[in-house]
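Sequential numbering from 35 applies to the sequence shown in my numbering. Where a beta carbon is used, it is the ideal one built from N, C-alpha and C, also for glycine. On a predicted model such as this, the values are computed, not experimentally measured, just so you know.
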Amino acid sequence: MEKSFTSLAELQTEIQLLKVKNFQQEEVIKERLHSPSAIFHTITSLFKSGSSNNQSLTKTLLNQDLFTNLARVGIPLVMNGFLFKKSGFVAKMLITFLSQKAAKQVTSNTVTGIVDKFQGILKKFIPITKKKAAPRDYGIPPDSESY
């Protein structure tokens with residue numbers, strides 16, 4: 035976004051334009067933060083979901099299944115606690131952000147699908163053999179001499 039200026043007048047008009055934009059942005063911020071209720075509304079608007087039905091963050095979290103909620107907590111803990119233990123703050127923040135995005139894709143259907151595929155692979159490599167039942171002993175047979 036580099037602009038080239040041919041004269042001093044163009045540079046001064048650009049500076050004045052940027053000062054006006056800065057002033058307008060300051061007025062918008064002051065308007066948003068003029069009372070405690072406006073501050074509260076601004077903060078709660080940050081937690082709105084980006085979906086088209088405009089559900090809040092808490093509603094979307096409560097509508098997710100158990101596996102998704104566990105993944106949203108467990109994946110960042112495992113990644114930051116064990117795999118990237120000595121990484122810096124920025125790396126841990128990026129890992130947490132990416133794992134949160136990935137955890138949204140984890141649902142109970144995907145988990146059961148993965149478990150079923152794993153069982154199918156195990157059945158191919160490890161054949162399940164049934165043990166032959168040993169003959170049961172019911173005591174003295176009726177044809178024996180002690181009968």
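Counting the other Cβ atoms within 10 Å of the Cβ of S79 gives fewer than 16, which makes it exposed.
At a Cβ-Cβ threshold of 8 angstroms, A105 and A72 do not count as neighbours. Counting along the chain, no alpha helix (DSSP H) covers D171, and no H or E run does either. When DSSP states are grouped into helix, strand and coil, L100 belongs to the helix group.
If you ignore the 5 residues before and after I129, its C-beta comes within less than 8 angstroms of the C-beta of P110, M113, N114, F118, S121, all in its own chain and listed in chain order. The residues I73, T76, in chain order, have a CB closer than 8 angstroms to that of L67 in the same chain once the five nearest residues on each side in sequence are set aside. The C-alpha of K53 is placed about 11 angstroms away from the C-alpha of Q46.
Within a 10 Å sphere around the beta-carbon of S133 sit 16 or more other beta-carbons, which makes this residue buried.
V140 counts as buried, since at least 16 other C-beta atoms from the protein chains shown sit within 10 angstroms of its C-beta.
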